[in-house]
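A.B. asks: The structure that follows is given in the form of structure tokens.
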Amino acid sequence: MYTFSNNLKIGSFIAMAVGFICLTIGFVTAPSTVEEAKAIVAAAHDDGHGGGHGEEATGHTEEDAHGAAASHDESHDAAHDEHLLHQLQNRPWSALYVAAFFFFMISLGVLAFYAIQRAAQAGWSPLLFRVMEGITAYLVPGGIIVFVILVLSVLHMNHMFVWMDADVVAHDKLLQGKAGYLNPTFFLVRAAIFLGGWIFYRQYSRKLSLAQDESEDNTNFVKNFRWSAAFLVFYLVTESMMSWDWIMSVDPHWFSTLFGWYVFASMFVSGITVIAMISIYLKSKGYLENVNDSHIHDLAKFMFGISIFWTYLWFAQFMLIWYANIPEEVTYFVARLEDYRLPFFGMLAMNFIFPLLVLMNSDYKRVNWFVIMAGIIVLLGHYLDVFNMIMPATVGDQWYIGLPEIGGILFFGGLFVYWVFNALTKAPLQPKRNPFIEESRQFHY
């Protein structure tokens with residue numbers, strides 16, 4: 001049975017406390033009037049830092065909507081100033097949302113990997129099932145937090161989803177045409193269905209997994225297999241719809257048929273990376289004694305392979321849109337290349353070039369500290385991936401990495417560590433009666 005170390009527990013609480021303070025400062029210092037917003041941008045320019053361009057601030061979706069309603073220069077300037085205010089007010093909300101979604105998607109990616117192992121009746125991975133179940137325990141608090149942020153968005157506590165603004169929709173024929181799908185009530189109903197289905201499967205599969213340990217036959221194992229196979233069908237549909245709703249709709253004029261797969265690849269590789277890192281940590285503390293280098297090697301192979309898969313999807317999406325050069329599509333990448341060049345190309349380097357060079361060698365996949373180092377870079381890269389998906393639409397060019405962004409990572413990172421490692425204390429780390437447990441124990445590559 002795993003014992004949650006006091007140092008790790010204290011560290012997670014400190015991270016949450018510091019993160020909460022940083023996020024609070026971000027919300028408190030956000031402007032409440034147009035004049036305050038202008039003053040913040042002017043001060044940023046005087047100091048020679050910040051991503052903003054003050055008088056030239058761009059906001060592709062909402063500014064177009066406001067501009068369509070403007071009949072002369074004065075009203076256009078007023079709409080521009082209001083949009084600038086919304087961008088700066090969105091920044092702490094966006095930092096909160098990016099971090100909340102990032103750690104939630106890690107647990108959701110692990111849930112998919114776990115269900116695949118169950119449905120495939122994989123023989124190598126049962127020794128890692130308790131680690132996966134511990135990570136997916138975060139689905140409950142993480143999902144609730146994300147849902148609360150979505151509810152607050154519907155209540156107009158922020159301006160991250162411009163299609164929720166009735167005034168914007170009233171002057172935008174494209175958004176009016178999508179109103180049957182993009183409307184607040186249906187949006188929240190879908191979110192509740194997604195979260196309810198994911199959490200139900202996790203809880204029920206965990207229950208069957210623990211029951212199998214005390215059972216005298218394989219009835220619970222077979223039930224888990226059937227539920228996992230059925231869940232994967234549900235997951236494939238709902239994960240894609242979730243990516244459209246929670247991420248792609250912040251840019252409601254833009255769409256990509258690859259987007260669901262692209263988000264899935266990001267959460268899948270992030271989840272597998274965390275499984276590897278936690279397994280290595282537990283083994284270093286004397287737990288998971290039957291987990292060997294071959295298990296870590298296989299996890300690192302998945303890290304490498306899904307990183308290449310992510311790159312394939314990224315390039316397919318980027319190249320086709322960029323080459324076609326259709327205005328309503330290419331503006332998505334123009335905004336990121338003009339205003340987010342560093343995080344955009346930095347994400348590509350960390351998510352593709354680094355894993356390609358570091359994890360290609362088979363021997364390095366067996367070196368624990370090497371896998372940990374690669375995992376840290378991969379996770380940072382996929383945080384930037386989520387950052388690049390959300391921030392350009394919500395804050396435009398008024399971005400930089402500051403207290404809200406750092407605070408979000410610390411708070412949700414601390415909460416994630418506490419919840420996951422606390423869940424690991426609830427059951428023995430090694431399953432007892434899984435039919436494939438001996439195969440997993442003897443696994444060698």
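Note that UniProt numbering has the sequence shown beginning at 1, numbered continuously upward.
Beta carbons are placed, not taken as given, at the ideal position from N, Cα and C, and that holds for glycine.
(1) In terms of residues, what are the limits of the alpha helix (DSSP H) holding Thr331?
(2) Count the other C-beta atoms from every protein chain shown that fall within 10 angstroms of the C-beta of Ala324, then say buried if there are 16 or more, exposed otherwise.
(3) Would the beta-carbon of Leu174 fall within 8 Å of that of Thr136?
(4) I'd like to know whether the C-beta atoms of Leu415 and Met16 end up nearer to each other than 8 Å.
(5) Can you confirm whether the stretch 390-397 touches the stretch 328-343 when touching is taken to mean that 3 or more C-beta pairs between the two stretches lie within less than 8 Å?
(6) Kindly indicate which three-state DSSP category Ala137 falls into: helix, strand or coil?
(7) Grouping DSSP H, G and I as helix and E and B as strand, with all else coil, what is Trp254?
(8) Please give me, in chain order, every unbroken run of the alpha helix (DSSP H) with length at least 4 that falls completely inside the stretch 254-299.
(9) For the alpha helix (DSSP H) containing Asp245, name the first residue and the last one.
(10) Take every Cβ of the stretch 403-418, pair it with every Cβ of the stretch 89-107, and state whether three or more of those distances are shorter than 8 Å.
(11) If you reduce the DSSP assignment to three classes, tell me which class Ser107 lands in.
(12) With Pro392 as the anchor, note down where its alpha helix (DSSP H) starts and where it stops.
(13) With distances taken from CA atoms, which of Asn224, Pro435 and Leu320 is nearest Leu258?
(14) At which residues does the alpha helix (DSSP H) containing Asp213 begin and terminate?
(15) Do Phe412 and Ala99 count as a contact pair if the criterion is CB distance below 8 Å?
(16) Check Met347 in the structure and name its three-state DSSP category.
(17) Give every residue of the same chain whose Cβ lies closer than 6 Å to the Cβ of Arg206, excluding the five residues on either side of it in the sequence, and list them in chain order.
(18) Could you check the C-alpha separation between Phe268 and Val169 for me, to the nearest Å?
(19) Report the three-state DSSP secondary structure of Ile401 (helix, strand or coil).
(20) Taking Asn290 as the reference, which of Ala39, Leu127, Asn6 and Val41 has the closest Cα?
(21) Taking just the CA atoms, how far does Val41 sit from Ile326?
(22) Over what stretch of residues does the alpha helix (DSSP H) that includes Met1 continue unbroken?
(23) Terminal residues of the continuous alpha helix (DSSP H) containing Ser440?
(24) Between the stretch 80-92 and the stretch 149-169, are three or more C-beta pairs nearer than 8 Å?
(25) Say the cut is 7 Å; is the CB of Met160 nearer than that to a heavy atom of the ligand GTP?
(26) Tell me whether Tyr235 is buried or exposed, calling it buried when 16 or more other Cβ atoms sit within 10 Å of its Cβ.
(27) Pro431 and Arg130: beta carbons closer than 8 Å?
(28) Give me the residue from Val367, Val237, Ser153 and Thr33 with the minimum Cα distance to residue 446.
C.D. replies: Reading off the structure:
(1) Pro327 to Asp339
(2) exposed
(3) no
(4) Their beta carbons are under 8 Å apart, which means Leu415 touches Met16 by this criterion.
(5) yes
(6) coil
(7) Taken through DSSP and simplified to helix, strand or coil, Trp254 comes out as coil.
(8) List check, alpha helix (DSSP H) in window: 259-284.
(9) Thr219 to Trp246
(10) The stretch 403-418 is in contact with the stretch 89-107.
(11) helix
(12) Asn368 to Thr394
(13) Leu258 has its Cα closest to that of Leu320, out of Asn224, Pro435 and Leu320.
(14) Pro184 to Glu214
(15) yes
(16) Reduced to three states, the DSSP call for Met347 is helix.
(17) Glu133
(18) The straight-line gap from Cα to Cα measures roughly 35 Å.
(19) coil
(20) Leu127
(21) 32 Å
(22) Element bounds for Met1: n/a, residue is neither H nor E.
(23) Ile437 to Arg441 is the extent of the alpha helix (DSSP H) around Ser440.
(24) Output reads yes: the stretch 149-169 touches the stretch 80-92.
(25) Here there are no bound small molecules, and the ligand GTP is not part of this structure.
(26) Label assigned to Tyr235: buried.
(27) yes
(28) With the chain represented from 1 up to 445, any question about residue 446 goes unanswered, as that position is not in the structure.
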